[in-house]
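Undergrad: Under the working numbering, think of the first position of the sequence shown as 13, with each following residue one higher.
The beta-carbon is built from N, C-alpha and C at its ideal position, and this holds for glycine as well.
Below is one structure. I have some questions about it.
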Amino acid sequence: MAEPSLSRPDLPDDLEDAIVALKEERNAVILCHYYQDDELQDLADVVGDSLALARAAQQVDRDVIAFCGVHFMAETAKILNPERTVVIPDLEAGCSLADGCPADEFEAFVKQHPGATVISYINCSAAVKALSDVICTSSNAAKIVQHFEGQPIVFAPDRHLGRWVSKQAGRDDLVLWPGTCVVHEQFSARELAKLKVRHPEAEVLAHPECDEAVLDQADFIASTTGIITRAVESPAGTLIIATEDGVFHQIAQRAPEKELIQAPGTDESCACNRCPYMRLNTLEKLYLCLRDLRPEVTVPDDVRVKALRPIERMLELS
Ligand code: 13P
Ligand code: SF4
């Protein structure tokens, strides 16, 4: 008996061309985070960090937004564009930070700190955003915390980013929700120290979601856009990078002569530096979501209205 075919008969041979054609047919825009597969980045209208993508979502004039990123990013685009259709290639593309901060538990946490300004990292659900006074991303977090100088602050959900921001803003009194990113927390300070001995000429670039012991060894700490820009502009020819390796694609295009080394993790046997949620999105699923206009990302209206103000406030402040 013949083996069942593994190919998908409903997929065109040239997926890239088909996606470009479908995008026009649907009057769609493709927004894409740097942690997506290279071929998704290459097809996108905008590739950026969380802040750039929120800004791009605010300016969309197309009927459909196909969001190549994780769910909280697509949700943010929907909150800013209630009248447009927002689709995501894989609805399961979540985030350990968002999943680790359920809205009911966060509401109880906030109630324990009456009078505090609630600053939430954009990596959280719409329901948590709705409980917040202002949103931030890794590229504007320090500035936003500094804006609320002298006021008590609850900062959620990433404790590593929170601690780094506390230092940047000269505050040691931030109340932190104890969340972490499964990708960034796996970088090993011990292995990084060994790697630096082998590459004394290298500059170390890290994302502030990394553990403090990793950040202490970094020469430069920034969002994904900040890391890419620094990697391209740095006088160093060798760069050790402590973030998801999706950023390598942009750096390699803009500075092909540079040697890029992934910061080591605690477990050499796994590709733990790849975000398991981001990488659920594929070219095939992007084609299908543009073709079928699903899975669609929706936000209940009462939550959407409450979540909009803190996002807009962030965009005004940054
Ligand atoms: P930025 O792109 O804003 O640096 O965020 C990184 C990240 O982990 C997104 O989930
Ligand atoms: Fe969330 Fe970390 Fe993945 Fe970013 S890299 S989406 S913070 S799990």
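#1: Counting pairs of beta carbons, one from the region 124 to 139 and one from the region 155 to 167, are three or more of them closer than 8 Å?
#2: For Y47, I'd like the list of residues in its chain whose CB is within less than 6 Å of its CB, leaving aside the five on either flank, ordered along the chain.
#3: Going straight from the alpha carbon of E15 to that of P268, what length do you get?
#4: Which class does S137 belong to by DSSP, given the choice of helix, strand or coil?
#5: Within the continuous beta strand (DSSP E) that includes L43, where are the two ends?
#6: For S137, verify whether its CB is less than 7 Å away from any heavy atom of the ligand 13P.
#7: Assuming contact is defined by CB atoms lying nearer than 8 Å, are A275 and A254 in contact in what I supplied?
#8: S178 by DSSP, collapsed to three states: which one?
#9: Would DSSP call D54 helix, strand or coil?
#10: How far does the beta strand (DSSP E) with C80 in it extend, from its first residue to its last?
#11: Got a sec, what are the start and stop residues for the alpha helix (DSSP H) L109 sits in?
#12: Considering only the beta carbon of each residue, do T237 and D61 sit closer than 8 Å?
#13: Shortest alpha-carbon distance to C284 belongs to which of R210, E119, E197 and S150?
#14: Using a threshold of 7 Å, is the CB atom of E221 nearer than that to any non-hydrogen atom of the ligand SF4?
#15: Taking 7 Å as the cut-off, does the CB of T236 come closer than this to any heavy atom belonging to the ligand 13P?
#16: From L92 to R175, what distance separates their C-alpha atoms?
#17: Measure the beta-carbon distance from L43 to F79 and round it to whole angstroms, keeping in mind my assumption that it falls under 8 Å.
#18: Ends of the alpha helix (DSSP H) at E117?
#19: May I ask you to list the residues that DSSP assigns as paired with I31?
#20: May I ask you to list the residues that DSSP assigns as paired with V187?
#21: With hydrogens ignored, establish whether the beta-carbon of C44 is closer than 7 Å to any heavy atom of the ligand SF4.
#22: Based on Cα-Cα distance, which residue from P101, C107, A138 and A30 lies nearest to A115?
#23: Could you tell me the distance, in whole angstroms, from the CA atom of P322 to the CA atom of V76?
#24: Check whether the region 205 to 222 and the region 245 to 252 are in contact - that is, three or more C-beta pairs closer than 8 Å.
#25: With DSSP as the reference, label D304 as helix, strand or coil.
#26: State buried or exposed for P126, treating a residue as buried only when at least 16 other CB atoms are found within 10 Å of its CB.
#27: Along the chain, which unbroken stretches of the beta strand (DSSP E) at least 3 residues long are found entirely within the region 202 to 245?
#28: Hey, is M326 close to the ligand SF4, as in C-beta under 7 Å from one of its heavy atoms?
#29: With hydrogens ignored, establish whether the beta-carbon of L63 is closer than 7 Å to any heavy atom of the ligand 13P.
#30: Indicate, with yes or no, if the ligand 13P has a heavy atom lying under 7 Å from the CB of T149.
#31: Quick check on V99: does DSSP put it in helix, strand or coil?
#32: Return the chain-ordered list of same chain residues with a C-beta closer than 7 Å to the C-beta of P307, the five sequence neighbours on each side being excluded.
#33: Take Q158 and list the residues in its own chain whose beta-carbon comes closer than 7 Å to its own, dropping the five residues that flank it on each side.
TA: In short, the structure shows the following:
#1: yes
#2: E256, G258, C287 and M290
#3: The predicted model places E15 with a pLDDT of 46, which falls under 50 and marks its position as unreliable; any figure quoted below should be read in that light. Distance between the alpha carbons of E15 and P268: 43 Å.
#4: Taken through DSSP and simplified to helix, strand or coil, S137 comes out as coil.
#5: A40 to H45
#6: No heavy atom of the ligand 13P is found nearer than 7 Å to the CB of S137.
#7: yes
#8: Helix at S178.
#9: helix
#10: V76 to C80
#11: S108 to D111
#12: Taking 8 Å as the Cβ cut-off, T237 and D61 qualify as a contacting pair.
#13: If we check each option's Cα against that of C284, E197 comes out closest.
#14: yes
#15: At least one heavy atom of the ligand 13P is nearer than 7 Å to the Cβ of T236, so yes.
#16: Put simply, the backbone Cα of L92 is about 29 Å away from that of R175.
#17: 5 Å
#18: Counting along the chain, the alpha helix (DSSP H) containing E117 begins and ends at A115 to K123.
#19: DSSP lists no partner for I31.
#20: Partner(s): V166.
#21: no
#22: A138
#23: 24 Å
#24: yes
#25: Helix at D304.
#26: The residue in question, P126, is exposed, as its Cβ has fewer than 16 Cβ neighbours within 10 Å.
#27: 215 to 218
#28: no
#29: yes
#30: T149: yes, Cβ under 7 Å from the ligand 13P.
#31: strand
#32: Around P307, the same chain offers V99, I100, L103 and C301 as residues with beta carbons nearer than 7 Å, after the five sequence neighbours per side are excluded.
#33: A181
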